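Visitor: Residue numbers (full-length UniProt numbering): 1 to 644.
Take this structure first; my questions come after.
This is the structure we're talking about:
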């Protein structure tokens, strides 16, 4: 057969989203198609969030939860699936009116924090998002019509786009969010309802706009909520709307709403100013090409610096996507970290399952985004990189000394691998022979010192905020930080967890995973155009299986293969990250942090006291007597291991 059906089907699936490779595709057409698809993507996102609001308003228990957030289990939606028998419904409804699914998404806490109080408001939000999704779908369709297709020059007008995105997308939206927090969320937290019916007649601050126009801005920070403030009531509440208190609301254990409003206002000001920096139709402001071309290392010994980058990045969608994915990947991982360490949402830190779910969720997404960044970086080198345009600049020089980069990363990975595993194995061996006192344990001194400087007293390093007599403490007590030292030294909060040798080891194990993942991805990207074994690799494209029987060693060496291998290392590393987070927190929540401190120094401790000890609910997901709400995960566990 000239065109076997299998090949045709596989090829169709493989290239469905590779718009560049489609028949008759022009550069302008490509940009227009991607632009239009963004509207569809946004519509799907808002449709999804609209569905969250709708199902909770219809089938959830939001109003009941609001009346008692700590004792009520939030409901996601009903279960109407005929496959769910009696035992399943009981398992999933756990301590609630069944048949329902309990939610661990944190949505209840978020909605409560930003001012939602009734099902009616949830419905309104749902319909609002539904209308927004509809408008976006129409906009997507509109921008595919010949009259409304933007031109290629419009897409490549970097300065104008940057100005609009900085001022409009980031700056103005942050200002709008500040407005919402100040006008709706903060009054709601003080028991004052603000809605469409009264938002024009309910000023958020008793002094109105007078302090703003007279320049007396500190008035807005005076009289903040007191430490005895009961959230959602006027009891103990103040009048401040923009503060810099630091620390947490003692009752909800979340950041102060007035601090968050102040933060978003500051971000808004910075970004709105930033959006006026770049030169467009007016003859003032920065020009990106001039800035990049001027970025040359002094002395000329490091080549042409950033010359050629402006044209290269402007003309490569893969490069732009790679940079965007890398930035979002880092931001998402930081979100995972900060959502539990500096909880912004009321009562979230009391809902342990939700905290664990949100941390895991954001770390996995960060992993996929980061690997995707390198994948598109490699595609850039194969498809878009022009050696003539980038002569002796930073990209060319990176390719020229790729061996040094790769071997350094390789060395770092080997060092981490041998030393971390070596310590674990040594400790395993001595513990197995009944001599746990012979373990090699490293105190993370530098990290402890940083924690002590921020006020953690347990290590007894009398430094900065950990010392009652230091100038930092004296100043801090008068100016700001009410409740900060209490929060940081409270064993029940997630702010600067107490660390020891087990944490030191597991951090280095995670570093091993991160460095090996990076090594595979960097090698794949830097060798994407060619290697010593296969100098003409770029002519074969991003992914290819082999180059025939005549060229041994060309199988599985494409940039795609590196991405494929790195994906496993990424998933493996995030497994370590989430296991560490989970075990550390389980022992703290269970009031027995000593278990983690003692058992995490050797591998057998992890296997026995974390995995095996906590595996009973998973093992009993299916047993002769029925099931529990983890049964789907027991099935996934079997499925994953059996298909492997």
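We put the beta carbon where it would ideally sit given N, CA and C, even for glycine.
Predicted model only: the values in this text are computed from it and were never measured.
1. Using CA atoms only, rank isn't needed, just tell me which of 463, 238, 232 is closest to residue 251.
2. By the three-class DSSP mapping on this structure, what secondary structure does residue 102 have?
3. In whole angstroms, what separates the C-alpha of residue 453 from that of residue 354?
4. Specify, as a first and last residue, the run of the beta strand (DSSP E) that residue 306 falls within.
5. Use the C-beta contact count for residue 599: other C-beta atoms within 10 angstroms, 16 or more gives buried, fewer gives exposed.
6. Would you identify the three-state DSSP class for residue 637, choosing helix, strand or coil?
7. Of the residues 389, 340, 315, 336, which one's Cα is nearest the Cα of residue 366?
8. With a floor of 4 residues, list each alpha helix (DSSP H) that falls wholly inside the stretch 492-569, ordered by position along the chain.
9. Mark residue 539 as exposed unless 16 or more other C-beta atoms lie within 10 angstroms of its C-beta, in which case mark it buried.
10. How close, in whole Å, do the beta carbons of residue 264 and residue 332 come, if the pair is a contact with beta carbons under 8 Å?
11. Between residue 245 and residue 117, what straight-line distance do the alpha-carbon atoms span, to the nearest angstrom?
12. Which one of 627, 605, 604, 634 has the shortest CA to CA distance from residue 615?
13. Could you tell me the boundaries of the beta strand (DSSP E) in which residue 78 lies?
14. Could you give the C-beta distance for residue 325 and residue 285, rounded to a whole number, given that I count them as a contact under 8 Å?
15. Can you tell me where the alpha helix (DSSP H) with residue 364 in it begins and where it stops?
16. Just checking: is the beta-carbon of residue 166 within a distance shorter than 9 Å of some beta-carbon in chain B?
17. Give, in chain order, every unbroken run of the alpha helix (DSSP H) that is at least 4 residues long and sits entirely within the stretch 430-477.
18. Return yes when the Cβ of residue 102 is within less than 9 Å of the Cβ of residue 149, no when it is not.
19. Give the secondary structure of residue 623 by DSSP, where H, G and I count as helix, E and B as strand, and everything else as coil.
20. Using DSSP with H/G/I as helix, E/B as strand and the rest coil, what is residue 602?
21. Which same chain residues, not among the five before or five after residue 79, have their C-beta less than 7 Å away from its C-beta?
22. For residue 27, report the span of its alpha helix (DSSP H) as first-last.
23. I'd like to know if the stretch 398-407 and the stretch 510-526 are in contact, where contact means that at least 3 CB-CB pairs between them fall below 8 Å.
24. Whole angstroms is fine: what's the gap from residue 39's alpha carbon to residue 169's?
25. Given residue 501, which residues of its chain have a CB within under 6 Å of its CB, disregarding the five upstream and five downstream residues?
26. Quick check: the Cα distance between residue 571 and residue 641, rounded to an integer number of angstroms?
27. By DSSP, does residue 248 sit in helix, in strand, or in coil?
28. Using the Cβ count rule (16 or more neighbours within 10 Å means buried), how would you classify residue 351?
29. How many angstroms separate the CA atom of residue 182 from the CA atom of residue 343?
30. For residue 28, which residues in the same chain have their Cβ closer than 6 Å to its Cβ, ignoring the five residues on either side in sequence?
31. Mapping the DSSP letters down to three states, classify residue 295 as helix, strand or coil.
32. Terminal residues of the continuous alpha helix (DSSP H) containing residue 253?
33. On the criterion of 16 or more Cβ atoms from any shown chain inside 10 Å, does residue 584 qualify as buried, or is it exposed?
34. Got a sec, what are the start and stop residues for the alpha helix (DSSP H) residue 217 sits in?
35. What are the complete alpha helix (DSSP H) segments, minimum 4 residues, inside the stretch 133-218?
36. How long is the line joining the alpha carbons of residue 550 and residue 542, rounded to whole angstroms?
Guide: A quick look at the data gives this:
1. Position 251 of the chain shown holds residue 251. Closest option to residue 251, Cα to Cα, is 232.
2. Here residue 102 refers to the residue found at position 102 when the chain shown is read from its first residue. Residue 102: strand per DSSP, three-state reduction.
3. Locating residue 453 in the chain shown gives position 453, where the first residue counts as 1. Locating residue 354 in the chain shown gives position 354, where the first residue counts as 1. Their backbone Cα atoms lie some 31 Å apart in a straight line.
4. Within the chain shown, residue 306 is the residue found at index 306, counting from 1. Where residue 306 is concerned, there is no enclosing beta strand (DSSP E), given that its DSSP letter is neither H nor E.
5. Numbered from 1 along the chain shown, position 599 holds the residue referred to as residue 599. That one is buried.
6. Taking the first residue of the chain shown as position 1, residue 637 is located at position 637. Correct three-state label for residue 637: helix.
7. Within the chain shown, numbered from 1, the residue matching residue 366 stands at position 366. Residue 336 is the option with its Cα nearest to residue 366.
8. Taking only runs of at least 4 residues, the alpha helix (DSSP H) segments lying wholly in the stretch 492-569 are 501-526.
9. Stepping through the chain shown from its first residue, residue 539 is reached at position 539. Exposed is the call here.
10. For the purposes of this step, residue 264 is taken as residue 264 along the chain shown, with counting starting at 1. For the purposes of this step, residue 332 is taken as residue 332 along the chain shown, with counting starting at 1. So it is not a contact: roughly 19 Å between Cβ atoms.
11. As a first step, residue 245 is located in the chain shown; it is residue number 245 there, counting from the start. As a first step, residue 117 is located in the chain shown; it is residue number 117 there, counting from the start. Between residue 245 and residue 117, the C-alpha separation is close to 26 Å.
12. Here the question's residue 615 lines up with position 615 in the chain shown. For the residues 627, 605, 604, 634, the minimum Cα distance to residue 615 belongs to 634.
13. For the purposes of this step, residue 78 is taken as the residue at position 78 of the chain shown. 75-78 is the extent of the beta strand (DSSP E) around residue 78.
14. In the chain shown, residue 325 corresponds to position 325, counting from 1. In the chain shown, residue 285 corresponds to position 285, counting from 1. 28 Å between Cβ atoms; not a contact.
15. Along the chain shown, one-based indexing puts residue 364 at 364. 352-379 is the extent of the alpha helix (DSSP H) around residue 364.
16. Absent from the structure: chain B. Only one protein chain is present.
17. 445-453
18. Translated into positions along the chain shown, residue 149 becomes position 149. Translated into positions along the chain shown, residue 102 becomes position 102. In this structure, residue 102 does not lie closer than 9 Å to residue 149 by Cβ.
19. Position 623 of the chain shown, counting from 1, holds the residue named residue 623. Three-state DSSP puts residue 623 in a strand.
20. The sequence position of residue 602 within the chain shown is 602, counting from 1. Correct three-state label for residue 602: coil.
21. Here residue 79 refers to the residue found at position 79 when the chain shown is read from its first residue. Only 89, 92, 99, 100, 101 meet the Cβ criterion.
22. Start at 1 with the first residue of the chain shown, and residue 27 comes out as number 27. DSSP places residue 27 inside the alpha helix (DSSP H), whose first and last residues are 27-59.
23. Yes, they touch.
24. As a position in the chain shown, residue 39 is number 39, starting the count at 1. As a position in the chain shown, residue 169 is number 169, starting the count at 1. Spanning the two alpha carbons is a distance of roughly 15 Å.
25. Here residue 501 refers to the residue found at position 501 when the chain shown is read from its first residue. Same-chain partners within the cutoff: 441, 442, 601.
26. Mapped onto the chain shown, residue 571 falls at position 571. Mapped onto the chain shown, residue 641 falls at position 641. Answer to the nearest angstrom: the Cα atoms are 15 Å apart.
27. In the chain shown, counting from the first residue as 1, residue 248 sits at position 248. Strand at residue 248.
28. Here residue 351 refers to the residue found at position 351 when the chain shown is read from its first residue. Counting Cβ neighbours within 10 Å, residue 351 comes out buried, since at least 16 surround it.
29. As a working mapping, residue 182 is identified with position 182 in the chain shown. As a working mapping, residue 343 is identified with position 343 in the chain shown. Spanning the two alpha carbons is a distance of roughly 19 Å.
30. Locating residue 28 in the chain shown gives position 28, counting from the first residue. The answer, listed in chain order, is 152.
31. Reading the chain shown from its first residue, position 295 is the one you call residue 295. Residue 295: coil per DSSP, three-state reduction.
32. Residue 253 sits at position 253 when you count from the first residue of the chain shown. From DSSP, residue 253 is part of no alpha helix (DSSP H); its letter is neither H nor E.
33. By one-based count along the chain shown, residue 584 stands at place 584. With 16 or more Cβ atoms within 10 Å of its Cβ, residue 584 is classed as buried.
34. By one-based count along the chain shown, residue 217 stands at place 217. Segment: none, residue 217 is in no alpha helix (DSSP H) and carries neither H nor E.
35. 152-155, 158-164, 173-180, 186-189, 210-214
36. Reading the chain shown from its first residue, position 550 is the one you call residue 550. Reading the chain shown from its first residue, position 542 is the one you call residue 542. Using only the alpha carbons, I get a separation of about 21 Å.
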